[in-house]
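Accompanying notes for the structure given below.
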Amino acid sequence: MPIHKKKDWSIPEKDATDEHVYLNRRRVLTAMGIGGAILAAPLAFRAIEKMVPEPKPVAPPEPDPSAGLYPVERNAAFVLDRPLSPEDDVLSYNNFYEFGSHKSIASAAQALRIRPWQVRLDGLVERETTVDIDDLLKTMPLEERLYRHRCVEAWAMAVPWSGFPLRALVDFAKPLGSAKYVIMETFLDEDMAPGQAASWYPWPYVEGLTIDEATNDLAFIATGLYGKPMPRQNGAPLRLAVPWKYGFKSIKSIVRFHFTETRPKTFWEQIQPAEYGFWANVNPDVSHPRWSQATERMLGTGERVPTQLYNGYAPQVAHLYKDRQDERLFA
Ligand code: MTE
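According to the numbering used here, the sequence shown is numbered sequentially starting from 32.
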């Protein structure tokens with residue numbers, strides 16, 4: 032997310048934000064004795080951002096106990112039309128608002144405790160259950176895939192994710208026939224992740240897919256990157272990779288998969304529905320309200336390349352939307 036731009040939203044905040052988020056934020060600011068002034072002035076809003084606690088210095092993180100599982104065999108079905116992005120860039124230019132609203136969160140994100148890590152599978156499933164990440168990693172069919180990744184901010188990368196098809200997890204969860212969506216949630220722990228102290232965001236980070244999207248071949252749960260366990264800043268120990276959608280759909284550090292009949296209001300949709308909708312499929316011809324999506328800038332080289340419909344994955348996913356043409360599929 033382009034936070035520098037988000038701070039400059041040109042419409043009044045009460046119009047841009049779901050009412051409960053706006054009101055909650057207003058309550059917090061009022062409690063701090065600064066609500067009126069800040070809500071009135073974008074410059075003052077910048078000042079409040081600085082009041083979000085700085086991350087505490089962190090001890091070197093514990094080694095990842097899943098390291099012995101990697102590298103895993105590459106699935107040759109997933110090929111790229113471009114070179115892989117340099118690993119250093121992918122590991123140092125991140126969006127992870129739980130650790131800060133800028134791109135240099137890699138060192139702060141080392142505070143993320145990745146064990147013990149439990150994953151809850153609940154809602155409309157045959158039997159609700161909680162599974163330990165290391166048991167899950169032993170059960171799931173691990174493989175490596177080369178995927179493009181396109182952020183809504185118009186930067187892009189090409190990366191080797193390791194992990195397993197989301198469909199394998201859906202099968203493991205055994206959703207009931209009535210389940211139409213799977214909602215994914217990130218951890219909630221503001222002591223560990225100081226960004227979550229910013230109460231104007233609707234924590235925890237939540238994303239969702241239809242069951243059809245979640246069981247599409249491309250939907251992937253990534254647990255590793257560049258042949259190693261997932262770095263904390265990239266969403267350890269497990270994150271989503273749905274490469275035909277803008278990157279904000281690819282939720283990091285997931286603790287819950289909830290199966291439901293009802294479409295969720297996702298994190299960014301709650302904050303700014305006009306800019307970050309539920310579907311968020313990549314389309315060069317549908318501009319973001321504040322910038323063009325026609326081209327993208329590659330991490331590493333800085334090269335500008337044309338954006339592709341569904342980020343180049345139309346043959347695999349376009350059919351998912353053929354009966355939804357009246358919906359806002361691309362913003
Ligand atoms: N997941 C969580 N929990 N918090 C976030 O801030 N940012 C999203 C997505 N998943 C985000 C998240 C956005 S906007 C993008 S572009 C990608 O993560 C960035 O992934 P990367 O840092 O591995 O490139």
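We put the beta carbon where it would ideally sit given N, CA and C, even for glycine.
Nearest to residue 263 by C-alpha distance, out of 121, 344, 204 and 320, is 121. By the neighbour-count definition (other C-beta atoms within 10 Å, threshold 16), residue 207 is an exposed residue. Taking the Cα positions, residue 334 is about 43 Å away from residue 153.
At least one heavy atom of the ligand MTE lies closer than 7 Å to the C-beta of residue 265. With respect to residue 242, residue 211 sits close: the two C-beta atoms are nearer than 8 Å. Boundaries of the beta strand (DSSP E) harbouring residue 196: 186-196, taken from the DSSP string. If you look at residue 159, you'll find it isn't in any alpha helix (DSSP H); DSSP assigns it neither H nor E. Distance from the C-beta of residue 282 to the nearest heavy atom of the ligand MTE is below 7 Å. Assigned with DSSP and collapsed to three states, residue 212 falls in strand.
Taking 4 residues as the shortest admissible run, the region 93-172 contains the following complete alpha helix (DSSP H) segments, listed from N- to C-terminal end: 118-121 and 164-170. Taken from the Cβ of residue 278, at least one heavy atom of the ligand MTE lies inside 7 Å. Look at the beta carbons and you see the region 276-287 touching the region 228-246: at least three pairs across the two are nearer than 8 Å.
When the Cα atoms are used, residue 338 and residue 315 turn out to be separated by approximately 5 Å.
332 is the residue among 332, 361 and 346 whose C-alpha sits nearest the C-alpha of residue 119.
Setting aside the 5 residues that flank it on each side, residue 144 is surrounded in the same chain by 223, each with a C-beta closer than 7 Å to its C-beta; the list follows chain order. Our two residues, residue 344 and residue 94, have alpha carbons roughly 35 Å apart in a direct line.
Assignment of residue 320 by DSSP, reduced to helix, strand and coil, places it in the coil class. Excluding its 5 nearest sequence neighbours in each direction, residue 257 has C-beta neighbours in its own chain below 7 Å: 118 and 191, listed in chain order. With a cutoff of 7 Å, residue 217 counts as near the ligand MTE, since its C-beta is closer than that to a heavy atom of the ligand.
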